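Undergrad:
Protein chains in written order, with the working numbering: chain A, 24 to 136; chain B, 129 to 241.
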């Protein structure tokens, strides 16, 4: 039972570099989410998707882009990394909002120097 | 939009003592409420959830929470803390109207021997 898998688990980037974080879920969930976690700020929603081919902005979308070409995958891209994007990134998926909970990946720790 | 407030970013209890972690929410619709736990360097895992029905909800590891609509609260309790309970706890609310989960800023629980 893999659940939600994030790759990579750790990454160090230089300012201005780009990268893509991959999230894969094997639960056939419709909804997927990208959050960032920073000390004292809880989890803040970056982007989310309610189905294959759809994406929407969350609370803090600036500097990030996403794609959901396949139902099981949700990619988060940083086009030009900035030190303010140093954070732990979590992907989550859910069957639907409401009564069903979200399932989380193990996180990606990203440092931008 | 929903919001979640967790009072106390750090809570410290002695082993065997009562654990009480506070969560208040704002919602214009009947909420669905969740508590998650995060152990160091891990993702979030569900402790318990309230959707409808009985307002006292039991979860894993001896935790329970009570939904009080009049107080817009969903506090988490455990009668007797164990060292293994040391972790960060997040309260969350889901809003089906917006396909999102909203998280509080988290409470770190420290358990003293």
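In this text, a Cβ means the ideal position worked out from N, Cα and C, and glycines have one as well. Computed from a prediction, not measured in an experiment: that's the story for all the values here.
1. Compare the C-beta of residue 45 of chain A with all C-beta atoms of chain B and state if any pair is closer than 8 Å.
2. What are the boundary residues of the beta strand (DSSP E) that residue 173 of chain B is part of?
3. Is there a Cβ from chain A that is less than 8 Å from the Cβ of residue 218 of chain B?
4. Mind checking the stretch 168-181 of chain B against chain D and listing, in chain order, the residues whose C-beta falls within less than 9 Å of any C-beta there?
5. In this structure, how does DSSP classify residue 32 of chain A when only helix, strand and coil are distinguished?
6. Could you tell me how far apart the beta carbons of residue 130 of chain B and residue 155 of chain B are, in whole angstroms, since I believe they sit closer than 8 Å?
7. Since residue 125 of chain A meets chain B, which of its residues come closer than 9 Å, beta carbon to beta carbon?
8. I'd like to know if residue 137 of chain B contacts chain A, where contact means its C-beta is closer than 8 Å to some C-beta of that chain.
9. Of all the beta strand (DSSP E) runs that stay within the bounds of the stretch 198-234 of chain B, which reach a length of 3 or more residues?
10. Assuming residue 116 of chain A is part of the beta strand (DSSP E), what are its boundary residues?
11. Buried or exposed: which applies to residue 232 of chain B, given that a residue is buried once 16 or more other Cβ atoms fall within 10 Å of its Cβ?
TA: Straight from the coordinates:
1. No, because no Cβ of chain B sits closer than 8 Å to the Cβ of residue 45 of chain A.
2. Note, residue 173 of chain B: beta strand (DSSP E), 172-178.
3. For residue 218 of chain B, the nearest beta carbon of chain A is closer than 8 Å to its own beta carbon.
4. Absent from the structure is chain D; the protein chains it does hold are A and B.
5. Secondary structure at residue 32 of chain A: coil, using DSSP grouped into helix, strand and coil.
6. With a Cβ gap of about 5 Å, residue 130 of chain B and residue 155 of chain B count as contacting.
7. Under the 9 Å cutoff, chain B gives 162, 164, 172, 174, 220, 222, 229.
8. Chain A contact via Cβ: present.
9. With a minimum length of 3 residues, the unbroken runs of beta strand (DSSP E) contained wholly in the stretch 198-234 of chain B fall at 201-206, 215-223, 228-231.
10. It spans 110-117 - the beta strand (DSSP E) in which residue 116 of chain A sits, taken as one unbroken run.
11. Buried: at least 16 other Cβ atoms inside 10 Å.
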